[in-house]
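Report on the structure given below.
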Amino acid sequence: MSIATAVMPNHWSIITIAAAGRADPAWNTRMRWPVKGDDHVVLHDGERRSLWAAQLDAAVMRADRTVLLVAEGLGCHAASWWARLSPASYVSRIAGALLFDPPAEGAEESQPFASPAIALPFPSLVLSGADAAATIPAVNGWGSRLLRGDRQRHGELRPWRSAPRLIQRATARVVDRDVERAIAVHPIFHRDR
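Listed below in structure tokens is the structure:
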């Protein structure tokens, strides 16, 4: 049984986002998760971002459960750009995001996906490797939580020991978000009653 099978909640549909031709995305090399999720959206380049966004829209709408976005590198900035500029009816289907190794904000490669400086409308965790300090502006802008760690990306494929805790943290944040939404929408759930 793989780590993904053992610890991934069944109530999420996982959509992975990675650059074209990426055979070993970080979530696979670090956590032994499958190379592709329930759906996979390939990111070719920033010049075709509208086409990419339409493909992500379609993947989100095809999902039969709440969506967990899992992105790597430039895909992190692309997911942020999409979430901040897409209609609420699409974004509301997202439970959260795991973002691996985003390039530094302002780096030339991330420019096509520059977006308004507002927090993402869902919980997110950024897992950053060797240059975690360079990702702090993006993490702060996204309202994410940063998990630092230099994990070996090449060599023997082994599960990341922190994977179960990471999933528990992400799940807890999603549950907290759902409870907050229920309280906000339904007065009967207000805590002071």
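Numbering (my numbering), first residue to last: 180 to 372.
Every residue gets a Cβ at the ideal spot worked out from N, C-alpha and C, and that includes glycine.
Model, not experiment: these values are computed from the prediction.
PRO302 counts as buried, since no fewer than 16 other beta carbons sit within 10 angstroms of its beta carbon. The residues GLY320, in chain order, have a CB closer than 6 Å to that of ALA296 in the same chain once the five nearest residues on each side in sequence are set aside. Between the alpha carbons of ALA205 and ILE273 lies a gap of roughly 21 Å. For a cut-off of 8 Å, the C-beta gap from ASP218 to ALA242 is around 7 Å, short enough to register as a contact. Leaving aside the five residues that flank PHE292 on each side, the residues in its chain whose CB is nearer than 8 Å to its CB run, in chain order, GLY225, ARG228, LEU253, HIS256, ALA257, SER259, TRP260.
Per the DSSP secondary-structure output, ARG324 pairs in a beta bridge with LEU304. In this structure, LEU222 sits near ALA199, with a CB-CB distance shorter than 8 Å.
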